[in-house]
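Visitor:
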Amino acid sequence: MYTILMESELIGLLLLVIFAWIAGSKASRLVYSPNTERLHRKARKQLFWAGYILVPAAAVLTAIVLMILSLNSAFWQDRAFLHAPLVAIPVLSVFVMAVPKLVRLRKGTKAASEAEVPLEADVRGHSAEPGLIVPFQATALGALTAFYYSMSAPVPFQWDDTVPLVLFLVAVAGLWVRHDRRYWKVSHPNTVVRYRPWVMLLRNLSVLIIVVLAAGGVFYVSMQNSRLPEQMDMMSGVVDYGGGAVAAANDHAHHSSGNTSSSSANSNPAVSVSQLTGPRTGTPDRKFTLTAEKATVRLSSGKSVDAWTYNGQIPGPELRIKQGELIEVTLNNKDIEQGATIHWHGLDVPNAEDGVAGVTQDSVMPGETYTYRFVAEQAGTFWYHSHQQSKEAVQKGLFGALIVEPKTDDMDPKVKDITLMTHRWNETFAVSVSDSVERMSIEPGTPVRLRLVNTDDWVRQKYQLTGTPFQVSAIDGSDLHQPEVIENTLLELTTGGRYDITFVMPDTPVFMGIGGKNKLGLFMSPDGKGDIPDNSTVAATTFNPAAYGSTGPVPFHAASRFDRNFTMILDNKLGFYNGQFNNLYTINGEVFPDTPMFMVREGELVKTTIINRGAVDHPMHLHGHHMLVLSRNGKPVTGTWWSDTLDVLPGDTYEVAFRADNPGIWMDHCHNLVHAAAGMTMHLMYEGVTSPFTIGSATRNHPE
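Set out below in structure tokens:
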């Protein structure tokens, strides 16, 4: 609904700019009519143009009214108080000022409309009145200004957001003065009026050149101001305390060095992220070595992929561990010049083990090693990937599955446990290295768990299980409470998200189709043979996690008292980022490093309202914590849904909550990694925690 209304408004504004610009040009040329007959006819056509501009204006205003009636105020406040007046007031002036003058002009020329009588001075003056011309031109400028605000939303509003509005008012005033001077000039009986298009062209060209030069200067200054520092820490930005207790003035030093020696507001000494490690001593229950290296790998079809790999394979080795075990992973970088790390996506490890270059460690360069140690506290489906230049690293293959099994006495040894990691290798979709249908023999009656992991940037992957009912047992590694049995249901999984689905294998074929077609997926039958079930004729509904399962025991809920209440508004705007002009993806109107830092204290209960005003979805990934989803679009979630990678669609409003029980500096970013690389990243920060690491072009660290 929101997307349709937003697009309707944008299309309406563009049409209004075009129609009103044409109407304004025609109105300004009425005075050049050679005789009363032509003026009479042109005045009639101008009345039609007044009607034409009413259509897109009505579409714009209708879209805004429908937003007001159906959506959260964050979606329409700027539209109601900026867009609507910029459209409605100029259009109203057309019908209040210009149309009556056109009607009077038609009546004044009606008697001589059938004769080619030269225009008299008073008639000529009436055709050049500012009140007849400027409303049309103001409508075009108002729609253009509203379109600018649509593309660069002033949310939250800052005083410098008034600049386009001031320029609009100055331009309208300038047009009025110009046309008023012409009105008095052409009203004089001795004035000779000649239509000289080349003079008008030169004048308009001169104005255009001045505007372009002024805009070029503004663009150059904006471009230079957008360049990121060569070195900065991850504590840059504006602190948002979410209405909670404010730290003492010296609690955090937000500067390039990242060093702080003061005490926090609760009298605890400052702690570096380097101190927030997993166990440094003790014999690990499992040890792994992952080597980041370049390799050429073949898909099942024979296509070759030049990839960045862990241990020479794509995806990297599946790491299977058990809940409660002490894990040690050594990363070797063989030849990835850009550097590498390992981030444990969704597993809430201690901050120093989080694997984010420039936040929790330095990037591991060729020839270097780094060791991670942590206890796997959660059971579930997770994955790991490099968080050094993560957009490129993940795209090229530096990722793998991380499965934490429940403790041994909770395991069912009969379960067929299968991980399906989907990824796009260049332009080819595949499950791991298989870009076709894989076949598997599974004995009837066997419990089956399919772990679905979508690693793709900016892809909401589709999965459809045909041939048996099933349950969605877990989301993002967290089990659901009393999940219902469903069938003919399409699963859409966001970038970085995970679903675990379970079923009991029937004695007939079952097919997990991926990507909406029968050419990719997993075929299961008692002997691995048989025809792939046709799912093209199945009327599938789309799985809605907000209305699935039932409420289980939770440590807090929507009615709990929250210590911090944050608002995160996701949006788009045109602008510069690090010297490049682009469509930016913003958090609370800013891109990193000017995005807000949500400041919390250990033990606090935190609530965040996430609002997506933009045109595309944003899978927001909070490191180090799982969020309990409380509501979606004003409706309470029916089940118990914990998420670490929440897919926020355009027009969505989510309320989520978590306990601040994992001290550190944690990234919170869009996992459409191209968005994160363009500045859609921020941080959750605990009071009294600092980082000795820095990022920037003069450092080795580039987390996004």
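773 is the number that the working numbering gives to position 573 of the sequence shown; each next residue is one higher, with no gaps.
Cβ coordinates follow ideal geometry from the N, Cα and C atoms, glycine included.
In chain order, what residues of the same chain lie with their CB nearer than 6 Å to the CB of Ala371, ignoring the 5 residues before and after it?
Guide: Counting from one through the sequence shown, the residue named residue 371 turns up at place 171. Correct list, in chain order: Leu341.
Visitor: Are the Cβ atoms of Leu332 and Ala298 separated by less than 9 Å?
Guide: As a first step, residue 332 must be located in the sequence shown, where it is residue number 132. As a first step, residue 298 must be located in the sequence shown, where it is residue number 98. Against a cut-off of 9 Å, the Cβ pair of Ala298 and Leu332 comes out as a contact.
Visitor: Under 8 Å, with one C-beta from each stretch per pair, do the region 407-418 and the region 850-858 reach the 3-pair mark?
Guide: no
Visitor: If we ignore side chains and look at the alpha-carbon of each, how far apart do Ile909 and Pro709 end up?
Guide: Nothing about residue 909 can be read from this structure; the chain reaches only from 201 to 904.
Visitor: Roughly how many whole angstroms lie between the Cα atoms of Gly555 and Gln561?
Guide: Your numbering for residue 555 matches position 355 in the sequence shown. Your numbering for residue 561 matches position 361 in the sequence shown. If I take the Cα positions, the gap works out to 7 Å.
Visitor: Using a threshold of 9 Å, state whether the C-beta atoms of Tyr785 and Met882 are closer than that.
Guide: The residue labelled residue 785 in the question sits at position 585 within the sequence shown. The residue labelled residue 882 in the question sits at position 682 within the sequence shown. No, the Cβ-Cβ distance between Tyr785 and Met882 is not below 9 Å.
Visitor: Shorter than 8 Å, the distance from the beta carbon of Met351 to the closest heavy atom of the ligand FMN, or not?
Guide: The ligand FMN is absent from the structure shown, which contains no ligands of any kind.
Visitor: Out of Thr840, Asn532 and Leu531, state which residue places its alpha-carbon closest to the alpha-carbon of Asp679.
Guide: In the sequence shown, the residue the question calls residue 679 occupies position 479. Here the closest residue by C-alpha is Thr840.
Visitor: Which runs of the alpha helix (DSSP H) at least 4 residues long sit entirely within the region 284-354? Give them in chain order.
Guide: Fully enclosed alpha helix (DSSP H) runs of 4 or longer: 284-293, 299-310, 321-327 and 330-351.
Visitor: Shorter than 9 Å from the beta carbon of Glu528 to some beta carbon of chain B?
Guide: This model lacks chain B altogether; it includes just one protein chain.
Visitor: Please name the residue or residues paired with Asn765 in a DSSP beta bridge.
Guide: Numbered from its first residue, the sequence shown carries residue 765 at position 565. Per DSSP, Lys807.
Visitor: For His652, does the three-state DSSP call read helix, strand or coil?
Guide: The residue given as residue 652 occupies position 452 in the sequence shown. Reading off the sequence, residue 652 comes out as Leu, not His. Three-state result, Leu652: strand.
Visitor: How far does the beta strand (DSSP E) with Lys616 in it reach, from first residue to last?
Guide: Locating residue 616 in the sequence shown gives position 416, counting from the first residue. It spans Lys616 to Trp625 - the beta strand (DSSP E) in which Lys616 sits, taken as one unbroken run.
Visitor: Asp734 to Gln595, Cα distance in whole Å?
Guide: What you label residue 734 is simply residue 534 of the sequence shown in a count that begins at 1. What you label residue 595 is simply residue 395 of the sequence shown in a count that begins at 1. Roughly 31 Å between the two C-alpha positions.
Visitor: Under a Cβ-count criterion, where at least 16 other Cβ atoms within 10 Å of its own Cβ denotes burial, should Tyr420 be classed as buried or exposed?
Guide: Here residue 420 refers to the residue found at position 220 when the sequence shown is read from its first residue. Under the 10 Å beta carbon count, Tyr420 is surrounded by fewer than 16 other beta carbons and is classified as exposed.
Visitor: Determine the burial state of Pro479: buried for a count of at least 16 other Cβ atoms within 10 Å of its Cβ, exposed for fewer.
Guide: Counting from one through the sequence shown, the residue named residue 479 turns up at place 279. By the neighbour-count rule (16 or more Cβ atoms within 10 Å), Pro479 is not buried but exposed.
Visitor: To the nearest angstrom, report how far apart Leu846 and Met201 are at their CA atoms.
Guide: Stepping through the sequence shown from its first residue, residue 846 is reached at position 646. Stepping through the sequence shown from its first residue, residue 201 is reached at position 1. Distance between the alpha carbons of Leu846 and Met201 is about 20 Å.
Visitor: Expressed to the nearest angstrom, what Euclidean distance is found between the alpha-carbon atoms of Glu627 and Ser634?
Guide: The sequence position of residue 627 within the sequence shown is 427, counting from 1. The sequence position of residue 634 within the sequence shown is 434, counting from 1. In a straight line, the C-alpha of Glu627 is about 14 Å away from that of Ser634.
Visitor: Roughly how many whole angstroms lie between the Cα atoms of Lys226 and Phe248?
Guide: What you label residue 226 is simply residue 26 of the sequence shown in a count that begins at 1. What you label residue 248 is simply residue 48 of the sequence shown in a count that begins at 1. Spanning the two alpha carbons is a distance of roughly 12 Å.
Visitor: If you compare alpha carbons, which of Thr666, Ile769, Lys616 and Arg660 is closest to Arg649?
Guide: Your numbering for residue 649 matches position 449 in the sequence shown. When only C-alpha atoms are compared, the closest one is Lys616.
Visitor: Please list, in chain order, all residues of the same chain as Gln523 whose beta carbon is under 8 Å from its beta carbon, the five residues on each side excluded.
Guide: In the sequence shown, residue 523 corresponds to position 323, counting from 1. Counting only Cβ-Cβ distances below 8 Å, and skipping sequence neighbours, we find Ala576, Glu577, Gln578, Ala579, Val604, Glu605, Pro606 and Lys607.
Visitor: Gly374 by DSSP, collapsed to three states: which one?
Guide: Residue numbering aside, residue 374 sits at position 174 when the sequence shown is read from its first letter. It is helical.
Visitor: Out of Thr489, Trp508 and Asn778, which has the shortest C-alpha to C-alpha gap to Met423?
Guide: For the purposes of this step, residue 423 is taken as residue 223 along the sequence shown, with counting starting at 1. Per the Cα distances, Asn778.
Visitor: Any idea if Ala712 is buried or exposed, counting beta-carbon neighbours within 10 angstroms, 16 or more meaning buried?
Guide: Mapped onto the sequence shown, residue 712 falls at position 512. The residue you asked about is not Ala; residue 712 is Met in the sequence shown. Buried is the call here.
Visitor: My output table needs one value for Ser590: the three-state DSSP class, helix, strand or coil.
Guide: Taking the sequence shown and counting its residues from 1, the one referred to as residue 590 is at position 390. Here Ser590 sits in helix by DSSP.
Visitor: Exposed or buried, which one is Ser590 when buried takes at least 16 other CB atoms within 10 Å?
Guide: Mapped onto the sequence shown, residue 590 falls at position 390. Buried is the call here.
Visitor: For Leu302 versus Gln337, is the C-beta distance shorter than 9 Å?
Guide: Taking the first residue of the sequence shown as 1, we reach residue 302 at position 102. Taking the first residue of the sequence shown as 1, we reach residue 337 at position 137. The answer is no: Cβ separation not under 9 Å.
Visitor: Please classify Asp361: does DSSP put it in a helix, a strand, or coil?
Guide: Numbered from 1 along the sequence shown, position 161 holds the residue referred to as residue 361. Of the three classes helix, strand and coil, the one that applies to Asp361 here is helix, per DSSP.
Visitor: Could you please give the first and the last residue of the uninterrupted beta strand (DSSP E) stretch that includes Ile787?
Guide: Here residue 787 refers to the residue found at position 587 of the sequence shown. Its beta strand (DSSP E) spans residues Gln780 to Ile787.
Visitor: Among residues of its own chain, excluding the 5 on either side of Pro683, which ones have a beta-carbon nearer than 7 Å to its beta-carbon?
Guide: Here residue 683 corresponds to residue number 483 of the sequence shown, with the count starting at 1. The answer, listed in chain order, is Gln671, Val672, Ser673, Tyr748 and Gly749.
Visitor: What is the C-beta distance between Asn532 and Thr491, in whole angstroms, given that I count them as a contact (C-beta under 8 Å)?
Guide: Numbered from its first residue, the sequence shown carries residue 532 at position 332. Numbered from its first residue, the sequence shown carries residue 491 at position 291. The pair is a contact, with the Cβ atoms about 4 Å apart (cut-off 8 Å).
Visitor: Are there 16 or more other CB atoms within 10 angstroms of the CB of Ser457, so buried, or fewer, so exposed?
Guide: Locating residue 457 in the sequence shown gives position 257, counting from the first residue. Residue placement at Ser457 is poorly supported in this model, since its pLDDT is 37, which falls under 50; the coordinates are not used for a value here.
Visitor: Grab me the residues of Arg486's own chain with a C-beta within less than 7 Å of its C-beta, minus the 5 sequence neighbours each way, in chain order.
Guide: Here residue 486 refers to the residue found at position 286 of the sequence shown. Result list for Arg486: Ile521, Glu525 and Ile527, in chain order.
Visitor: Pick from Leu266, Leu367 and Leu230: whose alpha carbon is nearest that of Arg306?
Guide: Here residue 306 refers to the residue found at position 106 when the sequence shown is read from its first residue. Of the listed residues, the one whose Cα sits closest to Arg306 is Leu230.
Visitor: Starting from Trp583, follow its DSSP beta bridges and name the residues at the other end.
Guide: Numbered from its first residue, the sequence shown carries residue 583 at position 383. In the DSSP assignment, the residues bridged to Trp583 are His545 and Ala601.
Visitor: Could you tell me the distance, in whole angstroms, from the CA atom of Ala465 to the CA atom of Ala445?
Guide: In the sequence shown, the residue the question calls residue 465 occupies position 265. In the sequence shown, the residue the question calls residue 445 occupies position 245. Its pLDDT being 39, under 50, Ala465 is placed unreliably by the model, and the measurement read from it follows with that caveat. Roughly 9 Å separates the two Cα atoms.
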